């Protein structure tokens with residue numbers, strides 16, 4: 013029984029080191045997306061799932077399919093629970109600022125009054 017407890021503790025420590033390494037890499041990159049991911053304390057798995065979702069929405073938009081910010085926000089909330097729609101807006105906006113998945117932000121949020129006049133810094 014002691015061996016199992018030790019193995020479990022070692023596995024937990026490995027996961028903690030992996031998460032800290034991921035967070036350290038976010039700090040070194042220091043882009044708007046990375047800062048947001050760092051501030052919300054997302055895991056690497058969550059970040060990868062969000063990027064996969066962004067790819068999925070890019071594809072749907074490219075195919076001319078109808079997309080809604082409400083559905084997108086529900087899918088983001090399934091990946092990152094308890095952060096609400098503000099997080100979904102913030103992550104798509106941060107990607108847009110970094111010129112990544114721009115069409116997703118433009119399709120889902122650009123028409124909203126608060127984003128109509130936002131310009132990207134050069």
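In the working numbering, the protein residues as written are 13 to 134.
Note that beta-carbon positions come from the ideal geometry of N, C-alpha and C, so glycine has one too.
The structure displayed is predicted, hence computed values, not measured ones.
Looking at residue i: is its Cβ nearer than 8 Å to the Cβ of residue j?
i           : j           : result
residue 56  : residue 34  : yes
residue 108 : residue 114 : yes
residue 50  : residue 65  : no
residue 103 : residue 73  : no
Roughly how many whole angstroms lie between the Cα atoms of residue i and residue j?
i           : j           : result
residue 123 : residue 22  : 49 Å
residue 77  : residue 15  : 54 Å
residue 48  : residue 116 : 17 Å
residue 40  : residue 110 : 16 Å
residue 86  : residue 30  : 28 Å
residue 94  : residue 54  : 12 Å
residue 67  : residue 20  : 35 Å
Using C-beta distances below 7 Å, list every residue in its chain close to residue i, excluding the 5 sequence neighbours before and after it, in chain order.
i           : result
residue 81  : 120 and 121
residue 106 : 44, 45 and 48
residue 99  : 52, 88 and 92
residue 70  : 113, 115 and 116
residue 84  : 69, 100 and 120
The alpha helix (DSSP H) that contains residue i, what's its start and end?
i          : result
residue 96 : 96-109
residue 60 : 56-74
residue 85 : 81-91
residue 49 : 44-51
Does any residue of chain B bring its CB to less than 8 Å from the CB of residue i?
i          : result
residue 14 : No chain B appears in this structure, which consists of one protein chain only.
Using a Cβ-Cβ cut-off of 6 Å (strictly less than) and excluding sequence neighbours within five positions of residue i, which residues of its own chain qualify?
i           : result
residue 127 : 121
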